[in-house]
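Visitor: For our numbering, add 98 to where a residue sits in the sequence shown, where the first one is 1.
Where a beta carbon is used, it is the ideal one built from N, C-alpha and C, also for glycine.
Encoded as structure tokens, here's the structure I'll be asking about.
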Amino acid sequence: MSARLCIRALQAAGMDVRGIDLSDRFLQDNQHIAFDLPDANGHEGPGTLLLLINAPVVPLALMQLGKKVIADKRIVGYFAWELPLISADWTPGLKFVHDIIAPSRFTADAIQPFVPDEVKVLAYPVHATAKLRVTNFRPPRCKLLVLVMFNFGSGFVRKNPMASIEAFKRAYGGNGEAHLIVKMQNGASFPLERRQLLKEASTLSNIHFIEKEMDDAELAGLIEESDVLLSLHRSEGFGLTLAEAMLKGKCVVATDWSGNHDYLSDATGFPVPYRLVPAIDFSGNYHFPDQLWAEPDVEAAAGILKSLMDPELREKIGGQARQYAGVSFTPDRYAEDFCRILRFQSVGGTSLPLASHSVKTG
């Protein structure tokens with residue numbers, strides 16, 4: 099998703115963007131990515147090769163692209179990571195890139211100790227979705243609709259939806275004026291975690307689960323219908339869904355740590371306090387007991403959710419969030435910052451071969 103947004107922003111700025119989709123070669127789910135760029139396979143000669151992949155697979159990606167494609171190219175890694183320091187399997191890939199960009203200060207700081215040159219920060223662009231498909235998931239007589247969105251494949255423990263459900267239960271219990279929607283992906287691949295999640299809300303009729311696949315227009319419509327986006331994550335590399343909700347003027351309630359700390363403040367949303375604990379995740383890819391991540395304060399989050407029954411408060415903070423996102427995450431600004439960071443003299447006419455696969459990060 100982040101790769102597609104970056105592509106669109108650079109295309110809109112008039113850059114000659116070509117692409118090679120590596121999703122199938124890395125067994126990534128790219129069903130929502132309409133990869134319709136001019137094919138860069140066989141594109142030889144000078145240019146900039148932007149790798150929107152994870153650093154551990156950089157050597158394999160370059161092998162897949164072949165010597166003729168990468169020869170004479172400036173290779174830029176655009177990496178996201180969700181813990182304070184990158185893992186050991188990142189270091190081989192870092193040797194193959196000339197420059198590194200990260201979507202957040204948090205990720206940049208995680209990479210910086212391992213590379214000699216400065217890791218530049220460039221937040222992902224966020225586009226206002228042109229088409230919204232009405233989802234009609236808002237129940238009758240609902241005064242507050244809270245939305246949680248996550249992919250099991252991105253790390254169940256890291257995304258921490260159990261805490262979000264617990265916060266909602268503490269705030270509203272079975273109060274029919276408030277409803278929680280949990281939009282989840284890839285639950286079939288994680289049956290144990292899925293059962294655990296469903297059991298957590300089994301006694302309440304105002305908590306609803308959506309498992310069906312939704313296209314961009316449907317997802318945009320679901321966010322549009324909601325009043326609040328809730329994310330009590332333990333860590334995020336950036337938090338793309340949070341930024342998208344802000345652009346739609348929604349109130350974002352999220353753990354005040356990691357990538358989203360760059361843009362979520364008391365003025366633009368509702369940061370949730372936390373304490374740092376060892377990153378223990380026996381079921382996923384984030385088991386690093388020697389590193390720390392956040393344990394959000396569920397009781398504080400519940401208090402915030404209670405306050406958001408006030409429509410005037412939602413309108414005030416949601417409006418400020420929309421204003422901030424509308425300035426900070428625009429495609430035009432992204433393209434300008436991209437050229438400044440990579441020291442391109444102008445946007446128009448720049449050739450940019452790009453290799454990507456769908457990245458399962460926040």
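Please tell me whether ALA178 and SER426 are closer than 8 angstroms, where the distance is taken between their beta carbons.
Guide: Along the sequence shown, one-based indexing puts residue 178 at 80. Along the sequence shown, one-based indexing puts residue 426 at 328. No, the Cβ-Cβ distance between ALA178 and SER426 is not below 8 angstroms.
Visitor: Tell me the DSSP secondary structure of GLY417 in three-state form.
Guide: Against the sequence shown, residue 417 aligns to sequence position 319. Correct three-state label for GLY417: helix.
Visitor: How far does the alpha helix (DSSP H) with ALA493 in it reach, from first residue to last?
Guide: Since the displayed the chain opens at 99 and closes at 460, residue 493 lies outside it and no answer follows.
Visitor: I'd like to check one pair, ALA226 with LEU330: are the Cβ atoms closer than 8 angstroms?
Guide: Against the sequence shown, residue 330 aligns to sequence position 232. Against the sequence shown, residue 226 aligns to sequence position 128. No, these two residues do not count as a Cβ contact at 8 angstroms.
Visitor: From which residue to which residue does the alpha helix (DSSP H) around ASP435 run?
Guide: As a first step, residue 435 must be located in the sequence shown, where it is residue number 337. Residues 429-439.
Visitor: Within this structure, are the beta carbons of ILE151 and LEU103 separated by less than 8 angstroms?
Guide: For this step, residue 151 is matched to residue 53 along the sequence shown. For this step, residue 103 is matched to residue 5 along the sequence shown. No. Outside cutoff.
Visitor: Would you identify the three-state DSSP class for VAL213, choosing helix, strand or coil?
Guide: Start at 1 with the first residue of the sequence shown, and residue 213 comes out as number 115. Correct three-state label for VAL213: coil.
Visitor: Between the segment 320-336 and the segment 351-364, do three or more beta carbon pairs fall short of 8 angstroms?
Guide: Because the criterion of three Cβ pairs below 8 angstroms is met, the segment 320-336 and the segment 351-364 touch.
Visitor: Give me the Cα-Cα distance between GLN109 and THR428, rounded to the nearest whole angstrom.
Guide: As a position in the sequence shown, residue 109 is number 11, starting the count at 1. As a position in the sequence shown, residue 428 is number 330, starting the count at 1. Cα to Cα, the separation comes out at about 13 angstroms.
Visitor: Using CA coordinates, which residue listed in VAL246, VAL326, GLY424 is at the minimum distance from HIS306?
Guide: In the sequence shown, residue 306 corresponds to position 208, counting from 1. Checked all of VAL246, VAL326, GLY424; the closest Cα to HIS306 is VAL246.
Visitor: Leaving out five residues on either side along the sequence, give the residues of the same chain with a beta carbon under 7 angstroms from the beta carbon of GLU309.
Guide: Position 211 of the sequence shown holds residue 309. These residues qualify, in order along the chain: MET282, GLY285.
Visitor: Name the DSSP beta bridge partners of MET282, please?
Guide: For the purposes of this step, residue 282 is taken as the residue at position 184 of the sequence shown. Bridge partners of MET282: PHE248.
Visitor: Between which two residues does the alpha helix (DSSP H) carrying TYR106 extend?
Guide: Locating residue 106 in the sequence shown gives position 8, where the first residue counts as 1. Note on residue identity: the sequence assigns Arg, not Tyr, to residue 106. From DSSP, the alpha helix (DSSP H) with ARG106 extends over 100-110.
Visitor: Between ASN128 and LEU192, what straight-line distance do the alpha-carbon atoms span, to the nearest angstrom?
Guide: Start at 1 with the first residue of the sequence shown, and residue 128 comes out as number 30. Start at 1 with the first residue of the sequence shown, and residue 192 comes out as number 94. Per-residue confidence for ASN128 stands at a pLDDT of 48, beneath the threshold of 50, marking its modelled position as unreliable; the derived number appears in the next sentence. Going from the Cα of ASN128 to the Cα of LEU192 covers about 25 angstroms.
Visitor: If I follow the unbroken alpha helix (DSSP H) through LEU230, where does it start and stop?
Guide: Numbered from its first residue, the sequence shown carries residue 230 at position 132. Per DSSP, LEU230 belongs to no alpha helix (DSSP H) and is neither H nor E.
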